[in-house]
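A.B. asks: Starting off with a structure, shown below.
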Amino acid sequence: EPLRRAGYRIEESVYGDNTWVVYFPVHEEFFSRSKTGVSVWEQVENVAQMQYYWADNQVSATITFKPDEAVEIPQILELYETRLKSVSFLPLTEHNYPQAPYQEITREVYEQAKAKLGPLNFELVNTDEAQDLYCDGDKCMIEIPPRVPEQQEVSFDANGNGDEVPAPEGDEVGAPAN
């Protein structure tokens, strides 16, 4: 909700229920090359090096490729099969995927989107964190719900009036009242 109030473009996801897509207009002044100037090979090598030197986990990456690079993808996958745990490929242009990541926009579109943005205010967002529960050796922390008040017995007389006949006690619970 803070993003909507601040003027960001938000759409329901076409891929999943209860999911929203937010568009963030970005201008990077220090880019020396755009995506169109980086080959599919260089992108894959960058991901492999990040995974090896920085994360050693599955690095999430979507590699974009130009139409003439598509035929090289099988060879790329074969050469990098021991260096990558996972990778996705997306045509750089003409892919026809709605809500694709990293969409290039013109300066005019960027300026229009930026002009609609106001300050972000997250004060009304619930930031209470759930307690982390864990296991250590032979003990596990568990969350114990609050105690439920003890059940109260209510008795009815022959006419259906409640509480006029005292509730049975002890072993007599469920026995007819005298």
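Everything in the sequence shown is counted per the working numbering, starting at 10 for the first residue and increasing by one. Glycine residues also receive a C-beta, built at the ideal position from the N, C-alpha and C atoms.
1) Compare the C-alpha of GLU103 against each of ARG92, ASP65, PHE74 and ALA57 and name the closest.
2) Quick one: what's SER195 bridged to in DSSP?
3) Spatial neighbours of GLU38 within its chain, please: C-beta separation below 7 angstroms, excluding the five flanking residues on both sides.
4) Specify the secondary structure class of ASP65 as computed by DSSP and reduced to three states.
5) Helix, strand or coil: which one does DSSP assign to TYR106?
6) For the alpha helix (DSSP H) containing ARG14, list its first residue and its last residue.
7) With three or more C-beta pairs closer than 8 angstroms as the rule, is the region 39 to 54 touching the region 85 to 102?
8) Tell me the residue span of the beta strand (DSSP E) that contains VAL134.
C.D. replies: Taking the geometry as given:
1) In the sequence shown, residue 103 corresponds to position 94, counting from 1. Closest option to GLU103, Cα to Cα, is PHE74.
2) No statement about residue 195 is possible, as the shown extent of the chain runs from 10 to 187 and does not include it.
3) Taking the sequence shown and counting its residues from 1, one reaches residue 38 at position 29. If you ignore the 5 residues before and after GLU38, its C-beta comes within less than 7 angstroms of no other C-beta in its own chain.
4) As a position in the sequence shown, residue 65 is number 56, starting the count at 1. Residue state, collapsed to three classes: coil.
5) Residue 106 sits at position 97 when you count from the first residue of the sequence shown. Of the three classes helix, strand and coil, the one that applies to TYR106 here is coil, per DSSP.
6) Here residue 14 refers to the residue found at position 5 of the sequence shown. Segment 11 to 14, the alpha helix (DSSP H) holding ARG14.
7) Segments in contact, yes.
8) The residue labelled residue 134 in the question sits at position 125 within the sequence shown. DSSP places VAL134 outside any beta strand (DSSP E), giving it a letter other than H or E.
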